[in-house]
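Taken in order, the sequence shown gives residues 12 to 91; the numbers are from my numbering. Single-structure report; data block below.
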Amino acid sequence: VDTAAGTVLDALSYEGAITRATFTGVSGEFNLVEGAATSAQDNSTTPASLIRLPDGADTNDAASDWRVTATPTPGLPNVL
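Laid out in structure tokens, this is it:
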């Protein structure tokens, strides 16, 4: 959230649709749902990481932007 302008710069609604989020120091409610929901999920048995693929992709559609990978690459390009 751009606190000066009061606008959402980027969003991810995780584990359900968060359509009325509030943030300390910013007035109003914000919709964190971008386009279609992603089907990407982690589980409690296999280590995984939620990634944007390709790196930095932001089409404003969560289903297109997000993937789950079993190969975390902190600080490096994302891979499936």
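All C-beta atoms in this analysis are idealised placements derived from N, C-alpha and C, irrespective of residue type, glycine included.
- Here L43 is near L23, since their CB atoms are less than 8 Å apart.
- In this structure, A15 sits away from E45, with a CB-CB distance that is not shorter than 8 Å.
- For S75, the enclosing alpha helix (DSSP H) has its first and last residue at A73 to D76.
- Nearest C-alpha to D53 among F41, G67 and Y25: Y25.
- One thing to note: P58 has its Cβ within 8 Å of the Cβ of A81.
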